[in-house]
Each structure stands twice: as C-alpha cells, then as structure tokens.
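With the first letter of the sequence shown counted as 1, position 32 gets the number 281 in the working numbering; the numbers rise by one all the way through.
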Amino acid sequence: MPSISASVISLIIKWFLQNKAVQEDEEATRQNIHDTYIRPQDHRPPSNLGSNITIDRVDVQEWPLYKISTKNSQSKSQQRKALLYIHGGSFFKEIYPQHWKLAVQIVSETDLDVLIPIYPLVPRPVATAQKLADGFVDICRLSKQPIVSIAGDSAGGTLALSTTLHLRDTAPELFAKVRSLILIAPLLDCAVDHPEALRLAKIDFWLGVTGLRISGKMFAGDLPIKHPLVSPLYGDMDKLPPLLMFGGPRDLLCADARRLKSKLLGKDVDEAPAGSVETDRLVAIDICRNLVEMAKIFSRQAS
C-alpha cells in the first residue's frame, strides 16, 4: 500500500500533467476559458486564515477589494501602509486559497496590510490590459492607505509590473510611494515566442505555450501583443523601485525573467542561488519557504 506522501505526490503529478495537456491544446484551452467564464469560481477568502486575521471588503469602483490585516493593527491609523497583491491565473482563473495564505503570512510578519483586488478576468470586455492597468491605478489613487509595495505571481506578475510602469507614467505622485516590487514567476512577454522560452516549454511540467498565447491575446484587447501594458518586458525600466523576482530553471517564463534581468544590468542587480520552482498557483508554497521568507523580508523594507 503506498504511503500518504506517495499518494499525494502522485495526485499532484497527475494534476500537473492534466493542466499541461490542456495548456498545450488550443481547443481545450478555449473550452477551459469558456467553462470558467460561465461558471465563475468563488473569490471569497477562506474562513480558516487565522484567529488574529481580519478581512474587510473595501471595494473600489466596481471591483471587490479585500483588505487583510491583523486584529492588533485595527486600532491604528487609516494611514497604515499596504502591499497590493495581484493574483495570477493566466488572466482567466480566479484567486486560489494559496494566494490568501501568502497574504496572511505577509500581514502577520510585516507592518503592512495587504490589499487583494478581485479584477475582471478574460474573456470579459473589461478585462483588457489597458482597462486593468487603469483599474489598479484607481485603487492606488482611491485607497485610504498608501500603497508602498506591489506584488504578483504569474499573470499577476504581468499586472504588477505593468501597473507599476503605468503609475510611473500617469500618476508620479502615487508611484513615488511605491518602495518595492515583487514578481513571482511573472509572465513578461505575452507573445511567448522567444527561442529560450520555447526550449523551456518542453520541460515545463505546468505551463504550455499555446494556452498562454490564447489568454494573452484576449488580455491584450486592442493593444499590440508587445505593448508594455500587455508585455511589460518591453517597457522602459527607468526609475523602478527595488525589484525582487523569483523564477525556476524548468519554468518557461524564466526565459523572459532572464531577459528582464539583462535589461537591469548595471542597476545594482543581485542573483540568488538556483532552487526556486514555478508557482503559478503557489501550489508549492509550503515547500518554497525560502521564497516566502525572502518576499516577507523584502516587503518589510517598504513598511
């Protein structure tokens, strides 16, 4: 009889392989997007995030916006600083429990609250790069708390970087408050056509080029696929706040993360030892303790 650990690992591998099969098939990807659209996932936070955690809805415009804080911080000023966390999911998948758990870890071990927006997902007409970037800027402008750090994973990393660039170009007074930027396995080029990305796609056990291209094109809307709001790798990286980026050597998104690193050479860049993994849904968050610890330390510097 297999051990519990072996059974769990077997289930995880099957899950990865099923997702990969869908991601590599155009018809299956479009069906997956359609199914998710007509049967939206529940975005509400889990109920078991901790007895010391408080979650409030503080909606901005038409977007649900959740504020995560500790009960110990409730008596403090509304000017308590915040980290804006933008969840990933290939632009069409809703937030997962693992995202909430990461946010709770950050709240518990820094002096920051975490704001989690529930943004529109493709194929909705309002889920385009331009409209989403404008929406995130509105959150920064209308939030009662100064947003001093922006973070995101996978497609959320796309949005985190493009939002930061959009803030710099359209709302410099808000951009000046952002002290750090955290990107976890970010999708930086929605064209997904770089030779190194195509090579890594053959060994990536989670993501597929076809699926990323389909959802990326929907996300682009009327903008060219390599517009900086769609593919922030092509944006001007001048004056960015300190940036912490995670990737994995078997992650096809790592190819463009390395390209971003090359754009930042000469701007005080450090490279951590290899060892992280691709975390599209943060399924390995319990394993990647170094990732979590580094993210908490980095975000703490903005508090």
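Backbone N, C-alpha and C fix where the C-beta goes; we use that ideal spot for every residue, glycine too.
At the level of alpha carbons, what is the spacing between residue i and residue j?
i, j, result
"residue 277", "residue 459", "10 Å"
"residue 463", "residue 322", "43 Å"
"residue 401", "residue 450", "22 Å"
"residue 280", "residue 375", "20 Å"
"residue 470", "residue 319", "38 Å"
"residue 391", "residue 379", "18 Å"
"residue 217", "residue 283", "Outside the shown range of the chain, which is 250 to 552, sits residue 217, and nothing can be said about it."
"residue 494", "residue 452", "21 Å"
"residue 430", "residue 490", "6 Å"
"residue 359", "residue 275", "42 Å"
"residue 443", "residue 357", "39 Å"
"residue 348", "residue 295", "10 Å"
"residue 457", "residue 273", "5 Å"
"residue 311", "residue 388", "11 Å"
"residue 496", "residue 506", "7 Å"
"residue 553", "residue 313", "The structure shown does not extend to residue 553, since the chain is modelled only from 250 through 552, so no value can be given for it."
"residue 461", "residue 441", "7 Å"
"residue 498", "residue 330", "34 Å"
"residue 350", "residue 508", "30 Å"
"residue 384", "residue 393", "16 Å"
"residue 492", "residue 432", "8 Å"
"residue 337", "residue 467", "15 Å"
"residue 287", "residue 305", "27 Å"
"residue 309", "residue 332", "16 Å"
Between residue i and the rest of its own chain, which residues show a CB-CB distance below 7 Å, the 5 nearest in sequence each way excluded?
i, result
"residue 353", "298, 299, 302, 317"
"residue 417", "424, 488"
"residue 522", "Residue placement at residue 522 is flagged as unreliable, the pLDDT there being 47, under the threshold of 50; a coordinate-derived value is accordingly withheld."
"residue 256", "Note on residue 256: pLDDT 42, under 50, position unreliable in the model; no value is reported."
"residue 426", "395, 396, 397"
"residue 486", "512, 513"
"residue 478", "378, 379, 382, 411, 415, 472"
"residue 481", "407, 410, 411, 414, 437"
"residue 346", "295"
I need the boundaries of the alpha helix (DSSP H) containing residue i, first residue and last residue.
i, result
"residue 463", "458–469"
"residue 447", "444–450"
"residue 422", "421–424"
Using a threshold of 6 Å, is the CB atom of residue i nearer than that to any non-hydrogen atom of the ligand FMN?
i, result
"residue 405", "The ligand FMN is absent from the structure shown, which contains no ligands of any kind."
Return the chain-ordered list of same chain residues with a C-beta closer than 6 Å to the C-beta of residue i, the five sequence neighbours on each side being excluded.
i, result
"residue 446", "501, 504"
"residue 339", "404, 464"
"residue 292", "343, 344, 367"
"residue 334", "352, 363, 365, 400"
"residue 307", "314, 316"
"residue 285", "341"
"residue 474", "439, 440"
So, for residue i: in the same chain, excluding its five sequence neighbours on each side, which residues have a beta-carbon less than 8 Å away from its beta-carbon?
i, result
"residue 386", "412, 415, 416, 419, 420, 423"
"residue 476", "378, 469, 483"
"residue 271", "277, 278, 281, 457, 460"
Where do the N-terminal and C-terminal ends of the beta strand (DSSP E) with residue i fall, by residue?
i, result
"residue 432", "429–433"
"residue 238", "Because the chain in this structure spans residues 250 to 552, residue 238 falls outside the shown range and cannot be described."
At 4 residues or longer, what runs of the alpha helix (DSSP H) sit wholly inside the region 332–416?
Along the length of the region 332–416, whole alpha helix (DSSP H) runs at least 4 residues long occupy 346–358, 378–391, reported in chain order.
Write down every uninterrupted run of the alpha helix (DSSP H) in the region 273–308 whose length is 4 residues or greater and which is fully enclosed by it, in chain order.
List check, alpha helix (DSSP H) in window: 275–287.
Hey, which unbroken runs of the beta strand (DSSP E) at 3 residues or more fall wholly within the region 467–518?
You should have 492–495.
Stretch pair the region 359–376 + the region 423–437: three plus CB contacts closer than 8 Å:
Contact fails: fewer than three Cβ-Cβ distances are below 8 Å.
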